[in-house]
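A short worksheet on the structure shown next.
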């Protein structure tokens with residue numbers, strides 16, 4: 001008879017939903033956040049594949065998740081799941097309401113900023129507040145600053161333009177975005193290693209982008225240099241760190257808040273609802289025009305604006321054809337913005353390139369304008385004039401394709417009837433005009449009034465528009 005004690009089978013402990021580990025919670029937050037905004041970032045991916053200069057948006061969700069993994073240590077204090085739900089619901093509803101109201105009040109500026117993308121930041125923050133606790137989300141304030149700067153394309157485009165607008169400048173800026181994410185995601189690493197890893201990631205990412213861009217295109221270069229490389233760098237850093245945190249902490253360490261299957265079910269339903277709401281608008285092909293339409297229309301005396309290369313790329317052009325006026329016949333001009341890359345033009349579809357004392361809005365062009373499909377009108381409000389030298393204008397703008405170039409044509413007419421004042425020239429976009437000035441206008445609670453435009457000004461723009469359409473033999477344009 002054996003003297004060995006009987007073997008005791010020890011049941012393997014199963015992890016319940018209430019005690020999901022850190023990695024599982026990060027995975028859930030990532031999946032649910034992307035489900036809610038799959039359409040938005042799917043459109044961003046399509047734009048990047050088509051040549052958008054803001055291709056870095058494709059990897060921003062990945063970088064946000066990467067930074068979130070750097071905060072593995074649960075927050076101190078007693079957790080309260082009900083309070084986390086209340087805070088997340090309050091902040092989420094307030095933020096989504098603010099985005100909706102701004103979109104309704106300033107649709108043109110909202111489209112320029114892609115405000116819907118900020119909804120992804122709000123949704124991700126709400127998910128983390130429920131999965132990790134509200135205190136944990138507050139500790140991650142650096143992540144939210146990063147997200148606010150990188151989740152929409154305009155800051156990246158304006159910064160690239162300020163750096164010269166070249167492909168090299170865009171690549172270095174994108175590499176900097178990835179390097180900042182590495183720095184923020186390595187909070188627990190000693191500063192020396194952290195700085196070395198950040199600098200190394202920046203240099204290597206810049207080399208990868210500049211090398212791959214010529215062979216595989218910008219999108220692949222961004223995915224490898226600003227997506228895969230930062231993740232790999234942080235993983236290597238964490239492997240080299242011996243400090244035990246998060247899931248490996250001892251029993252006396254703070255614990256993550258408890259979850260329930262009901263909570264996960266509710267979050268899944270909200271994610272599905274957001275996915276339905278955030279479907280991108282369908283884009284149609286632009287009409288075709290003859291390559292020599294400007295010559296056939298009798299347009300001469302061009303003026304070039306070189307600043308456009310800083311915004312749209314080295315192969316972009318912006319020229320003005322002046323159309324003098326006379327007494328009772330307002331002066332006009334035809335501004336033509338050209339680029340072989342339609343995605344670059346679409347990046348700034350909501351941009352207003354002319355000065356205005358108050359925010360202006362694009363509206364669909366009426367059929368009487370005789371413009372191609374998709375044309376829009378926009379004008380300054382002469383009723384708000386405060387200085388005698390204010391230049392007020394009325395414009396009709398549309399896109400078409402002429403030969404190998406996509407063109408954004410703008411017929412702009414001065415609202416001065418003496419015929420001597422030319423409409424204002426296009427000017428570079430600035431942070432002041434695209435954010436600070438509209439924000440100040442909104443905080444003053446000024447009513448938005450489009451103002452009236454004299455019929456003579458509108459008729460002048462319509463006649464010139466129809467002349468251009470006839471000369472261009474536009475396919476799909478309304479006949480008159």
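Numbering (the UniProt record's numbering), first residue to last: 1 to 480.
Every residue gets a Cβ at the ideal spot worked out from N, C-alpha and C, and that includes glycine.
Since this is a predicted model, take the numbers as computed values, not measurements.
query                                                                                                          : result
DSSP state of residue 411 mapped onto helix, strand, coil                                                      : strand
Buried versus exposed call for residue 260 [16 or more other C-beta atoms within 10 Å across all chains shown] : exposed
Residue of 355, 354, 417, 350 minimising C-alpha distance to residue 482                                       : Residue coverage of the chain in this structure runs from 1 to 480, which leaves residue 482 outside it and unanswerable.
Residue 247 to residue 67 span [Cα, whole Å]                                                                   : Note that residue 247 has pLDDT 47, beneath the 50 cutoff, so the model's placement of it is unreliable and no number is given.
Residue 314 (DSSP reduced to helix, strand or coil)                                                            : coil
Straight-line gap, residue 142 to residue 438 (C-alpha atoms, nearest Å)                                       : 26 Å
Span of the beta strand (DSSP E), counted from its first residue to its last, around residue 292               : Residue 292 -> no beta strand (DSSP E), and no H or E assigned at all.
Beta-bridge partners of residue 335, as assigned by DSSP                                                       : 320, 410
Assigned exposure category for residue 209 - 16 Cβ within 10 Å defines buried                                  : buried
Residue 365 versus residue 320 - alpha carbon distance                                                         : 21 Å
Reference residue 166; option with closest CA among 309, 86, 45                                                : 309
Residue 174 and residue 228 closer than 7 Å at C-beta                                                          : no
Rounded Cβ spacing between residue 267 and residue 130 (contact assumed at less than 8 Å)                      : 7 Å
Reference residue 401; option with closest CA among 412, 333, 286                                              : 286
Run of the beta strand (DSSP E) containing residue 397, from where it starts to where it stops                 : 393-402
Inter-stretch contact at 8 Å, needing at least 3 Cβ pairs: the region 109-127 / the region 315-332             : no
For residue 247, the three-state DSSP class (helix, strand or coil)                                            : The pLDDT assigned to residue 247 is 47, lower than 50, so where the model puts this residue is not dependable; a value taken from the coordinates is nonetheless given after this. Here residue 247 sits in helix by DSSP.
Assigned exposure category for residue 338 - 16 Cβ within 10 Å defines buried                                  : buried
Beta-carbon spacing of residue 414, residue 393 below 7 Å                                                      : yes
Check whether residue 466 and residue 374 have beta carbons under 7 Å apart                                    : no
Beta-carbon proximity of residue 108 to residue 452, cut-off 7 Å                                               : no
When 184, 272, 112 are compared against residue 31, the one with the closest alpha-carbon                      : 272
Beta-carbon proximity list for residue 462, same chain, < 7 Å, skipping 5 on both sides                        : 368, 369, 370
Cβ-Cβ distance between residue 28 and residue 69 below 7 Å                                                     : no
Spatial distance of residue 86 from residue 159 (CA atoms)                                                     : 38 Å
Within 7 Å, strictly: CB atoms of residue 508 and residue 185                                                  : The question about residue 508 has no answer, for the chain in this structure spans 1 to 480.
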